[in-house]
Amino acid sequence: MKFQVCEWGQYRTPKIAVRIGDGFPKPTDYLCGMRQGYSASPILFDFYINGLFKGIQGVYVPGLTSRVPGLLFKDDSVLLAESEADMKIELNKITDLSNTWEMTVNSSKCGEIKVAGHQSSDLILKDQNIPKTDQYTYLDYIMNNKWDFSRAIKNNKLKAKKTFYAAYSFLKRRIVPGIQGVYVPGLTSRVPGLLFKDDSVLLAESEADMKIELNKITDLSNTWEMTVNSSKCGEIKVAGHQSSDLILKDQNIPKTDQYTYLDYIMNNKWDFSRAIKNNKLKAKKTFYAAYSFLKRRIVPVSLKIKFINSVLMPIGCYGGETFGMSIAKVKPIQAEIIKRSEWLPMLVILPPWNGFEPS
């Protein structure tokens with residue numbers, strides 16, 4: 001309650017001033033609309049937008065057990081109705097909600113598309129006519145009244161082509177010119193390595209190849225006057241015997257049987273049991289950290305489910321590309337998340353992760 005009072009006190013008395021030359025005039029009260037640049041504005045807008053579809057009937061969608069009232073895209077929305085009469089009722093509800101929250105709607109940016117049937121009169125939102133259109137483009141995505149997506153698909157194809165051409169000069173480059181890398185089944189070209197922001201993983205088929213690649217990295221670093229902290233590097237020999245040390249910029253690279261990067265564990269046996277155990281522990285700690293919030297019955301069940309899907313599961317599945325996301329391998333993580341979910345009031349037990357195919 002103290003936080004709520006504090007937020008309200010800060011939000012109700014903002015000031016605004018317009019710079020003129022090198023100075024600012026006396027600030028005046030800012031009394032209209034959401035406070036631009038203030039941290040509470042998006043939170044308060046969420047309270048409004050999340051209740052936008054309350055009481056809206058929407059449309060039936062084959063395969064779904066409940067109607068779909070519409071779609072939300074940040075501060076934009078798509079309203080759906082089975083008939084013109086239903087749409088008018090829904091628009092009246094949106095108008096009442098907007099008036100309650102003192103929100104304005106720019107109807108000139110809206111568009112009304114009649115997918116089927118004849119329209120007898122104009123649709124009105126907050127005393128403004130909504131423009132009729134046979135086609136509407138939102139974020140460069142094309143929709144029309146015939147529900148024909150050929151133009152949208154053609155447009156997406158063109159954008160993908162333009163994006164590729166724009167990035168081609170970058171994409172055609174290797175990590176370092178001349179790096180051979182390793183063969184990967186299913187790929188037509190070798191993989192020289194992986195990049196993670198300012199970190200990299202260098203791959204080679206043999207010790208001799210790795211030495212050649214490290215020499216090229218050294219030459220490139222010297223050309224660009226870049227330093228490399230070899231003490232933070234790690235050399236993992238996945239198979240075979242190593243005869244000598246690997247050197248990068250006159251520094252020995254430490255040998256290791258295990259390397260942890262961003263809390264993900266890799267080892268020379270390609271065994272991910274420790275990584276899975278670590279993910280399970282992190283998911284458990286995350287749940288305990290949020291439990292005081294999640295256990296409250298006032299918290300909507302949908303929010304608890306979203307927390308599990310958007311937070312717990314990604315933490316549990318972190319690095320899953322390497323251990324294949326098979327049902328057998330992730331069973332300990334699944335069991336942990338199901339166990340913690342049972343603690344939450346009004347939340348059903350999660351079903352098995354049938355979406356993950358054994359690798």
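Once you know that position 227 of the sequence shown is 227 in the UniProt record's numbering, the rest is easy, because the numbers rise by one and skip nothing. In this text, a Cβ means the ideal position worked out from N, Cα and C, and glycines have one as well.
- Here the C-alpha atom of leucine 262 lies approximately 12 angstroms from the C-alpha atom of alanine 275.
- Residue Lys211 holds the alpha-carbon nearest to the alpha-carbon of glutamate 235 among Cys110, Lys211, Asn144 and Glu84.
- Around glutamate 205, the same chain offers Val182 as residues with beta carbons nearer than 6 angstroms, after the five sequence neighbours per side are excluded.
- Using a 10 angstroms sphere on the CB of serine 341, the tally of other CB atoms reaches 16 or more, which defines it as buried.
- Under the DSSP assignment, phenylalanine 73 falls in the beta strand (DSSP E) whose first and last residues are 70-73.
- Counting only the Cα atoms, isoleucine 338 lies some 11 angstroms from leucine 312.
- The three-state reading of DSSP puts serine 302 in helix, counting H, G and I together.
- Separation of the CB atoms of glycine 111 and threonine 133 is rounded to 5 angstroms, and the pair is thereby assigned contact status at 8 angstroms.
- In the DSSP annotation of this structure, serine 66 is not part of any alpha helix (DSSP H), being labelled neither H nor E.
- In this structure, leucine 97 sits away from glycine 23, with a CB-CB distance that is not shorter than 8 angstroms.
- Per DSSP, the unbroken beta strand (DSSP E) holding leucine 202 starts and ends at 199-202.
- Judged by DSSP secondary structure, serine 77 falls within the beta strand (DSSP E) whose first and last residues are 76-79.
- Per the coordinates, the alpha-carbon of lysine 162 lies some 24 angstroms from the alpha-carbon of asparagine 144.
- Sequence-distant Cβ neighbours of tyrosine 318 in its own chain, meaning closer than 6 angstroms and more than five residues away, are Asn279.
- In this structure, lysine 304 sits near leucine 294, with a CB-CB distance shorter than 8 angstroms.
- Cβ neighbours of valine 201 within its own chain (closer than 6 angstroms, five residues either side excluded): Gly193 and Leu194.
- Contact between isoleucine 130 and serine 107 holds, with the beta-carbon distance rounding to 5 angstroms and staying under 8 angstroms.
- Counting along the chain, no beta strand (DSSP E) covers methionine 103, and no H or E run does either.
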